[in-house]
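**Student:** Whatever position you read off the sequence shown (first residue = 1), add 15 for the working numbering.
Don't be surprised by glycine CBs; every beta carbon is placed ideally from N, CA and C.
Below is one structure. I have some questions about it.
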Amino acid sequence: MRIENHRLTDVAFQQAKNIGREIVPDLVILHDTASRLTRGSAANYLADNDAGVSVHFVVERDGGIIQQVPTNRRAGHAGKSSFHGRSGCNDFSIGIEIVNPGKLTRLSDSKCVTWYGEELATALFGIREIETPEHGPGLWMPYAEAQISSVIALLLALFRGVPTLRDITTHWYVSPGRKVDTNPLFPLEHVRAHILGRDDPADTEAEAFSEAVDATPDDPQMVVVDTFSGDSLNLRRWPSFNPNVVAQIPDGTPVPVLRRGTFAGRDWLLVVHGGREGWIVASYTSSFLPA
């Protein structure tokens, strides 16, 4: 993907009804649609409404990207907002909407409900309860890994093709107290680090709050992946359940351990598999017994 004449190649362009004047963007603002998950539901509303709302890009749950406003034209995505002393962020930003239902309310141990009344199975969507100072308490749906991958690919294309871009932020950051998107499960700092070339805070934390195991290349400490069900185990770039899976390790595979640490109350191991380093949940391993 690349930007040509203010449009992203290889994706659909669905022209928005509400397109404003020319702008010189230096910021990207990430949003949640707070909408139904059905493909096209949010995009169709954002493209054609009488509320003056619009956005440059929509990222669907399956990773599909739709552009609706050229990157050099104003879109109505941020509302009342400010960024580092500059108000009216629509005048200098590109907006990306990520399909997600937004803050959820618990109905029972197994169900929750969206603000628009749709009931969702908590376990089916991996919905989690989290409280942050910016978001308050609530239930939140994780972003699909395809969405995170597409957001990163889109941002890479934007920062290559729009030379004035300087930073990436969220709606809750530019409209504090008024908005809570993106939700607390979005790996914002990891995405910013990937795009902006800064140190990844998760990598730094993983190094600081873990310890090397007592082993050598000639005598490594080994564990065996044991998922109890025969399923493969996710190998993750950093020790968290944010979308960061880099590979899968088949059940029963022995792997060498490099580091161990406890993060958010759960024990993790840094291991090597297929020539790639990554983190796995320690409880899904057993001791290695040589044949």
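Which residue from R275, A208, S247 and F256 puts its Cα closest to that of D229?
**Tutor:** Within the sequence shown, numbered from 1, the residue matching residue 229 stands at position 214. The shortest Cα separation from D229 among R275, A208, S247 and F256 belongs to R275.
**Student:** Since C104 and V239 should fall inside the 8 angstroms C-beta cutoff, what is the C-beta to C-beta distance between them, to a whole number of angstroms?
**Tutor:** Within the sequence shown, numbered from 1, the residue matching residue 104 stands at position 89. Within the sequence shown, numbered from 1, the residue matching residue 239 stands at position 224. Not a contact, Cβ separation roughly 51 angstroms.
**Student:** Once DSSP output is grouped into helix, strand and coil, what is the label at V260?
**Tutor:** Along the sequence shown, read from residue 1 onward, the residue named residue 260 stands at position 245. Three-state result, V260: strand.
**Student:** How big is the Cα-Cα spacing for F243 and G290?
**Tutor:** The sequence position of residue 243 within the sequence shown is 228, counting from 1. The sequence position of residue 290 within the sequence shown is 275, counting from 1. Whole-angstrom Cα-Cα distance: 25 angstroms.
**Student:** Can you look up D282 in the DSSP assignment and give me helix, strand or coil?
**Tutor:** Taking the first residue of the sequence shown as 1, we reach residue 282 at position 267. Residue state, collapsed to three classes: strand.
**Student:** Quick one: residues in its chain with C-beta nearer than 8 angstroms to the C-beta of W294, no 5 flanking neighbours on either side, listed in chain order?
**Tutor:** Locating residue 294 in the sequence shown gives position 279, counting from the first residue. Closer than 8 angstroms at Cβ, skipping near neighbours: A221, L250, R251, R252, W253, P254, W283, L284, L285 and V286.
**Student:** From which residue to which residue does the beta strand (DSSP E) around Q236 run?
**Tutor:** The residue you call residue 236 lines up with position 221 of the sequence shown. Taken as a continuous stretch (DSSP letters only), the beta strand (DSSP E) holding Q236 covers Q236 to V240.
**Student:** Helix, strand or coil, according to DSSP, for D106 in the structure here?
**Tutor:** On the sequence shown, position 91 is the one that residue 106 refers to. Three-state DSSP puts D106 in a helix.
**Student:** Hey, could you find the ends of the beta strand (DSSP E) A227 is sitting in?
**Tutor:** Numbered from its first residue, the sequence shown carries residue 227 at position 212. That run of the beta strand (DSSP E) goes S225 to A227.
**Student:** Taking the beta strand (DSSP E) that F243 falls in, what are its first and last residues?
**Tutor:** Taking the first residue of the sequence shown as 1, we reach residue 243 at position 228. Neither: F243 is in no beta strand (DSSP E) and is coded neither H nor E.
**Student:** For P40, which residues from the same chain have a beta carbon less than 8 angstroms from its beta carbon, with the 5 sequence-adjacent residues on both sides left out?
**Tutor:** The residue given as residue 40 occupies position 25 in the sequence shown. T86, N87, F107, S108, I109, V177, T179 and L180.
**Student:** Answer yes if the stretch 126-136 comes into contact with the stretch 199-212, meaning at least three C-beta pairs across the two stretches below 8 angstroms, and no otherwise.
**Tutor:** Because the criterion of three Cβ pairs below 8 angstroms is not met, the stretch 199-212 and the stretch 126-136 do not touch.
**Student:** Are the beta-carbon atoms belonging to I111 and H150 less than 8 angstroms from one another?
**Tutor:** The count along the sequence shown starts at 1 and reaches residue 111 at position 96. The count along the sequence shown starts at 1 and reaches residue 150 at position 135. For I111 and H150, no; Cβs fall outside 8 angstroms.
**Student:** Let me know the secondary structure DSSP gives R193 once reduced to three states.
**Tutor:** As a working note, residue 193 is residue 178 in the sequence shown. Note: R193 maps to coil in three-state DSSP.
**Student:** Output yes or no for whether 8 angstroms exceeds the beta carbon distance between R121 and L200.
**Tutor:** In the sequence shown, counting from the first residue as 1, residue 121 sits at position 106. In the sequence shown, counting from the first residue as 1, residue 200 sits at position 185. Not closer than 8 angstroms, so no.
**Student:** Enumerated in chain order, which unbroken segments of the beta strand (DSSP E) with a length of 3 residues or greater are wholly contained in the stretch 61-85?
**Tutor:** Here the runs fully enclosed are 72-74 and 80-82.
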